[in-house]
Structure formats: structure tokens, C-alpha cells
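There are 2 protein chains.
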Amino acid sequence: MTTPNTLDIRSRTILKEIIRVHVDTGKPVSSRALFKSSRFDLSPASIRNIMADLTDAGFLVQPHTSAGRIPTDQAYRLYIDELMRNRRVAEDVREQVDSDLASAGSDVTRLFKAASRLLSQLSGEVGFVVAPDALHTVVRSVRFLTVAPGKILAVQVNEPDVVVSRVIETSAEYSPEELESVSQRLTREFCGHTLHEIRKRLLAAMAEEKATCDRMLGRALSLGDQALEGAGSESLVYFEGALNLLDKPEFSDLESVRRVFLTFEEKARLLDLLTKYLDSKGTSVVLGSENALTTDPRLSAVLTSYGSGETLAGMLGVIGPARREYPRVIPVVELLGRALSDRLDRREARDREEPSE
Amino acid sequence: MTTPNTLDIRSRTILKEIIRVHVDTGKPVSSRALFKSSRFDLSPASIRNIMADLTDAGFLVQPHTSAGRIPTDQAYRLYIDELMRNRRVAEDVREQVDSDLASAGSDVTRLFKAASRLLSQLSGEVGFVVAPDALHTVVRSVRFLTVAPGKILAVQVNEPDVVVSRVIETSAEYSPEELESVSQRLTREFCGHTLHEIRKRLLAAMAEEKATCDRMLGRALSLGDQALEGAGSESLVYFEGALNLLDKPEFSDLESVRRVFLTFEEKARLLDLLTKYLDSKGTSVVLGSENALTTDPRLSAVLTSYGSGETLAGMLGVIGPARREYPRVIPVVELLGRALSDRLDRREARDREEPSE
DNA sequence: GTTGGCACTCCAGCACCGGGACTGCCAGCC
DNA sequence: GGCTGGCAGTCCCGGTGCTGGAGTGCCAAC
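Quick note, the sequences are listed as chains A and B, same order. Residues in the first sequence are numbered consecutively from 715, following our numbering. Residues in the second sequence are numbered consecutively from 715, following our numbering.
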């Protein structure tokens, strides 16, 4: 019997082939099918022996006694980390990504929607884009506009052109000139910092202001405080293609459907879990058994972060069953990460042909 | 045999009772069940005779020979129009609506979300709110802000405090003063009109400007044109509670689930159909067989329009199976229509106790 | 017009069976 | 020692047949 880390070459080859076949067919893989599908110089009986070892080591399971084997998450983990090699993204896919993102123009919301739709289409799973977390993104400017008596629209422009606006109510009246000067003052003060930092400084400033009794500054700070209140609590996520999962045999019973859709209904929880992976640069594969994404341990994700310039911004990726074509899907996710970063960076024209890798 | 419009009293009573029982149980209703459930002075056999007549007249159907009867859409139509009487909304429901909407504050987006969630919760179906159609809503003001070199944020404030913003790209540079004067000029010009009208006038103005060569005005108009471009094409809809439909026995097979979710995935088509009912003031019940809402003729809707002041604004309602408690659900939908209108009208405190009816 | 009775129909659930798809193990062979 | 063919054993799956129950439709009697 082999221990997890010391699988011999032959076992690895078999495991790899089992994954390939299973991803393809969706059904348990039998020794005979393996024998026929590829030219190992081994009889089905010998393959059975190896499969028995792989089962003991935790890489395979049997749905029932007289069935073939299916790979475990542990097997996928090994496959992803050591066995597989990414394929190149087909040229027409690149072109589709480029043209779809280009047609979204410069409106960030439309860009995110287009990206999640592309992810969904290209993977056949659920595509998602998490917009830059409002709390950790860099503020570029803050503006205030009167929209009605007692109602002021606070517009916060964040780093990659993400605009967040909310209406706040004030009992006090502000003149346009006053609003303009407040806008300029707050922008000058806070430009280039994250909301997180700003919030702290704002509180400190308000405490100090109480002491100095600078009325004008006080009103400015109060406005700023209201504008930021609750900001970042509702992160923006774009999901697309939940219906795709209905076609996956692993989710096509009613109970699974309920759980899967429940997952997407309460986006908040899902988001929390995904956000953990925001720090890690590069692409991660999150398998359900390793870190339950949801109530359903069979859900897994491929995700990567995107961002403009130095600052990490948000994440995107796909969610679906662990049984997926990793060599094809991972490069697609990475492609979209780069493409979206480029767009946000306004470097649209650069390295369109062949990203270094 | 009775024709549709001349059902005698007894037939109506029976039909009403059949609907009541079927809405309650979800299963076909048998003559015996009717005999036991209510004190008609009739034997099961007599009830059977009447049910046979109702079947001939198109009000009932049998799933199969030896099953009870279920009401047709035609029966629901009669029930809604003539047989039922709305129940009063329970006091605690009123309070929940008030407090939930109040806690959404004055941010219109949050208000819509809260309303659709309430509709979903209170009906056990899918709640929806269609935001005021951007094309037919009245514009209050237009503002422009520079967010980055070559990128300008156009903020359009519509009548019930609905803010629509989009980033537009310009090759030309604009100074803050120039933007401010453009904002004021366009606002003065267009305030109080609908986008629809504005678009027309804008095109006329641009043609004229070509003649007079007023450069400054030309730039203003160009900005205005870009700001409006594509506006209104993407109406905002808020759906909530699609999962509720999974609990309905009529939608709990896989094929139905697929169709239902497909319906909500392509919101656009659904919206088109719903929008037809926007003109009609008051509350409508749209039954699937009368006007297919979707690919699934079993989906139906209860909807009403809401609006601030004189202008109709948007719609809200619920979507679910025709088998629903109309006497309870219709008043809930109407309550939310009024409540939302009131909020948008800033008449929050008015007639909280008992709306006239 | 109403009613009890009765024959008839259809469905839902259950048990049963046989074929097919695999595996695990064993004994023999290189 | 590793590989192999053979064989018994296990389990699933689809089809079939049966039975009880729930309802209806009709008829004859009141």
C-alpha cells in the first residue's frame, strides 16, 4: 500500500486516466473501461489491484460494491497540484473574451456583468465576479449633490472607476457652495486611502472638532460620516448561470437543487468564505471537502483575484462540481482575471496576443 | 348544462368551496371530501352531478378518470372577479411592512429590495418590484462630475429620488466650471420632462446647433446625448424568493424547476410581458393560460402599479402558481403598492392605520 | 331533483425477478 | 513477486404483475 505522497508513476498514470474518463462521462469508472480506453500494458485484473490500493489511500471511492470508482476531492487535489498541465486557451475564446468585454464599454457594472457571463458560458458552471471590496479599496474622490430638500446624494469614486452612490438625509440645509467645499475638503483629505482608514480618521477628527467647535468642519465631517455609514457592508457580487448546474448529473435531484439555489440566494455567506481567498494572489481551487463553501460539500470553486495596478481589488471565478475540466477551466479563469485587470487598468491594447506564462 | 356566465347560486357555492379546499390541500378535490368539509344539504352523488356540469362548462378538470377535480384558470378568473372577497390584512403584517420599509431608509434601491423581500415572505411566492421605467419617468436634474481624465460621471436624478449614474468617456476635456454650467443648463432645460421627450428635443437641438455653431452648447448637448444613450434600455427589476416555488407541489419536478428558473434568468422577456399591465391602474391577476407569462403556462402573477403623485411609476407583485390564497394575497400586494407609493411620496406618516377601501 | 348502490377505472405502492455491470479473490503462470 | 484469467458474489436497475384504495359515472328507486 502506498501512502498519499508516494504514489508510484503507474498509480499516478492510472489515477490521472480515471479522472479524465470520469470528468468526461460523469459516471463511475470501471477497470474494464480503463483497460479499453487507454493502452496500459495491464489486464483489467491488474488495474483492479491498483484501483484497490488507490481506494485504500483515499483517492477513490465506490458508490456501491459492484460499481466502478469515482475520484475523491483528495484525488482532484493531487491532480491539480501535480498531475495536470494547463491547456492553452483557444484563440476564438480569447477573441470572444476581448470582444465581449470591449462591448461592455467603460461602465464598470456592465464590465462585471459581461465577465461573469463569459465565465459562466465558457465553463458551463456558475460564473461570478466579486466587485472590489468597498472597505479595502482606495477612494479617489467624494462628491455631494443636492437631489431634493434635505436629501443629498453622496458619490464616492473608488480606484478602478467604481462609483458608489447613496442618498443621505440631513436635517440641516447645505448651499451648493458649501457642498462643493466639503467635497473638495474631504477628497483632499482622504484621496488615496481606503475606507477602512478613512473611517478611523473621521472618528478621530470628529472628536477633535468637538473640542475646537469648528462648525463648518463639523458639518463636513458629519456628511462624510453619513456617506460612509454602512458602505462596504453590502459587497457587490455578480452571479451568472446558476441554471447550468441543473444540467450536471451530480446536482439533478430535487434536494440538491434546493441546496444549491439556497446557496446562491444567501450570497452573503458564500461571499464571506470566498473573501478568505482574496489575499492569496494567483489562482486557487477550493474543493468542498476541504473547506465547505456552502451547505453542500459537493460545491467547489476555481477563483483568482484581479486588480488594477498594485492593489488587489476583487475576485472572480466559477462555482460548480469538483468534476470539471481543470486543464481547460483554470486557464479560462486566469484569462478573465488578466483581461478584467487590463480593462480596469486602461491598458486595453496591451499584450492582446499572448500573455506570458 | 350551464353556460359560463349563468352559473346558479349552488354551482357557485360548490365551485368556491372546491377552490378553497384545493388551495388549502393542493390535491384534487373529491365529491366526498366536499360533502364532509362543508355542510351542504346534498349527498356526494348530487355533488358529483354538479361537478360534472362544472367540468363540462370548463371550470374543473380531472387529472385522470378516477381522481377528484381541480379548478381551471377559468374558475380562478370567476373566483377572483365575482366569488371572493378580500380579507383585511392582519395588523402585525401591516406593522411588519411599515417597519421593514422604514428601516430601508430613503435609499430607493434598498426600499425596492425590502419591498420585494416583503412580498416574497408574505406571499410565499416570488416577490418582484419593477423600478420606474427610466424612459417614462420624469427627470429632476442632470449632473456631471469628472472622475478621471477623459471620464465623466453622469448622474441623472429621476422623480421619486431614483438615481441613475453612468460613466461616459469623452475625448474632449471639460473644466469643472464648464461641467457645472452644462449641468445647470441641461437641468433647466429638461427638468420635469421624461427621457422620451428629452431625447427628441436633444436631437432637434443638436441639428440646430450645427447651424449656429455654438461650440459651448454643442459640447453640452454632446454630453447630454451620451449620458442618455442606452438609458432606460435596462429596466431594473428586483426579484426575491425564487426558492419558494420549489416548495409548491406544482413545480417540484425537475423539468418544472428548470423552466421556472429559466424564466427568472431571462428577466427581460418577463418584464416585457409585465409591462403591458403597467397602464392599468389598480390590481391585476394575470393567469398563465390567459396570457402566457413565460414558457410555463402554470405561472401566474398578482400585480399592481405604484407611483408617486399623479405619474404612474412602476409595478410590483408576486409570481407563483395560480393556486394561491387570493383573498389574502391580493390585499397584501395592494398594501405594498400603497406603502411604497407613500414612501416615494414622502408622505410616510399618513393613513398608517386604515387605508380607505 | 335527489339518493344509495354498484361496477368500473386508474393510480400508487410493493414485491419480485433477471440481466448486467463490477469487484474481490484465488490459483496458476511467467 | 507481479501479472493474469476465471469465477463467485454483490448490488443496481428496469420491467412486470399484483393489490388496495380512492373516485367517478351511471342507474334505478324514491
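By construction, the Cβ of each residue, glycine as well, lies at the ideal position given by its N, Cα and C atoms.
- Taking all protein chains shown into account, residue 781 of chain A has fewer than 16 neighbouring C-beta atoms within 10 Å of its C-beta and is therefore exposed.
- A distance below 8 Å separates the beta carbons of residue 785 of chain A and residue 774 of chain A.
- Contact annotation: residue 793 of chain B and residue 750 of chain B have beta-carbon atoms that are not nearer than 8 Å.
- Residue 901 of chain A: member of the alpha helix (DSSP H) spanning 890–904, first to last residue.
- Under the three-state reduction of DSSP output, residue 970 of chain A falls in the helix class.
- Taking 8 Å as the threshold, the shortest C-beta distance from residue 821 of chain A to chain B falls below it.
- The closest CA to that of residue 1013 of chain A, considering only A/1001, A/770 and A/822, is found on A/1001.
- Pairing residue 726 of chain A with residue 777 of chain A, the inter-Cα distance amounts to about 22 Å.
- Rounded to whole angstroms, the separation of the alpha carbons of residue 869 of chain A and residue 855 of chain A is 8 Å.
- At least 8 Å separates the CB of residue 896 of chain A from every CB of chain B.
- Chain-ordered, the chain A residues with CB closer than 8 Å to the CB of residue 877 of chain B read 861, 867, 879 and 881.
- Between residue 954 of chain B and residue 841 of chain B, the C-beta spacing is below 8 Å.
- When B/950, B/951, B/970 and B/952 are compared, the shortest CA-CA separation from residue 959 of chain B is found for B/970.
- Residue burial annotation: residue 872 of chain A is buried, with at least 16 other C-beta atoms found within 10 angstroms of its C-beta.
- Just so you know, the alpha carbons of residue 900 of chain B and residue 916 of chain B end up roughly 10 Å apart.
- With contacts defined as CB atoms closer than 8 Å, residue 988 of chain A and residue 1017 of chain A qualify as a contacting pair.
- Look at residue 729 of chain B: its C-beta is not under 8 Å from any C-beta on chain A.
- Rounded to the nearest angstrom, the Cβ distance from residue 1041 of chain A to residue 801 of chain A is 5 Å, consistent with a contact under 8 Å.
- DSSP places residue 865 of chain A in the strand class (E or B) of the three-state scheme.
- By the beta-carbon neighbour count (other beta carbons within 10 angstroms, threshold 16), residue 1028 of chain A is buried.
- Annotation: Cβ neighbours of residue 966 of chain B in chain A (cutoff 7 Å, chain order): 968.
- When Cβ-Cβ separations below 8 Å define contact, residue 858 of chain A makes no contact with chain B.
- Residue pairing by DSSP puts residue 953 of chain A in a beta bridge opposite A/842.
- Contact between residue 828 of chain A and residue 815 of chain A holds: their C-beta atoms lie close to 6 Å from each other, under 8 Å.
- Taking a C-beta distance under 8 Å as the contact criterion, residue 1037 of chain A and residue 922 of chain A do not qualify as a contact pair.
- Beta-carbon to beta-carbon, residue 896 of chain A and residue 858 of chain A are separated by about 6 Å, close enough to satisfy the 8 Å threshold.
- Separation of residue 982 of chain A and residue 1033 of chain A (C-alpha to C-alpha, rounded to the nearest whole angstrom) is 15 Å.
- The beta carbon of residue 871 of chain A sits closer than 8 Å to some beta carbon of chain B.
- Scanning chain B for C-beta atoms nearer than 9 Å to the C-beta of residue 904 of chain A yields nothing, as the closest lies near 15 Å away.
- Counting the other CB atoms within 10 Å of its CB gives residue 890 of chain B a total below 16, which places it among the exposed residues.
- Around the beta-carbon of residue 1015 of chain B, 16 or more other beta-carbon atoms lie within 10 Å, marking it buried.
- Shown here, residue 779 of chain B sits in coil according to DSSP, grouped into three states, outside any helix or strand.
- Within the stretch 974–1001 of chain A, the residues whose Cβ lies closer than 7 Å to some Cβ of chain B are 975, 976 and 979, listed in chain order.
- Per DSSP, the unbroken beta strand (DSSP E) holding residue 1034 of chain A starts and ends at 1028–1035.
- Here the alpha carbons of residue 806 of chain B and residue 783 of chain B stand approximately 35 Å from one another.
- Comparing C-alpha distances from residue 844 of chain B to each of B/878, B/952, B/936 and B/723 shows the shortest one belongs to B/952.
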